[in-house]
Every structure is written in structure tokens, then in C-alpha cells.
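In our numbering, the protein residues as written are 2 to 63.
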């Protein structure tokens, strides 16, 4: 199983060493909670979390 890392800047999950959303390299394996945003235009969750790009996000990042 591939380990997923959360970006400390935008909380997007990735399996790489660079965040595909904000291009930060400040990633951590210490995260919890998961939200998947498919349609940022109509998602109340995306608006509440200030997410502007579809993808998988951590709710809490250490």
C-alpha cells in the first residue's frame, strides 16, 4: 500500500514528494480525517474549508 502524505500548506493528500496543488515540499505522514471534493463549485464542504481544487484532503494535519 502506498503511503499518502498531507501538505502542511493546503492539506491536499499526495503520494509524491511535492504537493500537486500548491507545489510545496512541506509534507507530513501525520494526518487524520479525509474529505474528497469532486465539485468545488457546488460543494458546501469545499466552501467551508476554503478548497478551490478538486481532490483528497486531510482534515487535520500535524
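Ideal placement from N, C-alpha and C gives every residue a C-beta, glycine not left out.
Go ahead and label residue i buried or exposed: buried means 16 or more other beta carbons lie within 10 angstroms of its beta carbon, across all protein chains shown.
i          : result
residue 14 : buried
residue 47 : buried
residue 51 : exposed
residue 49 : exposed
residue 3  : exposed
residue 65 : Since the first residue of the chain shown is 2 and the last is 63, residue 65 is not available in this structure.
residue 12 : buried
As a quick exercise: from the options, pick the residue whose alpha carbon is nearest that of residue i.
i          : options          : result
residue 18 : 11, 6, 12 and 10 : 6
residue 53 : 63, 39 and 60    : 39
residue 63 : 31, 8 and 23     : 31
How many whole angstroms separate the CB atoms of residue i and residue j, which I take to be in contact at a CB cut-off of 8 Å?
i          : j          : result
residue 35 : residue 57 : 6 Å
residue 25 : residue 10 : 4 Å
Using C-beta distances below 8 Å, list every residue in its chain close to residue i, excluding the 5 sequence neighbours before and after it, in chain order.
i          : result
residue 16 : 3, 4, 5 and 6
Considering only residues of the same chain and omitting the five flanking positions on each side of residue i, which have a CB-CB separation below 7 Å?
i          : result
residue 44 : 38
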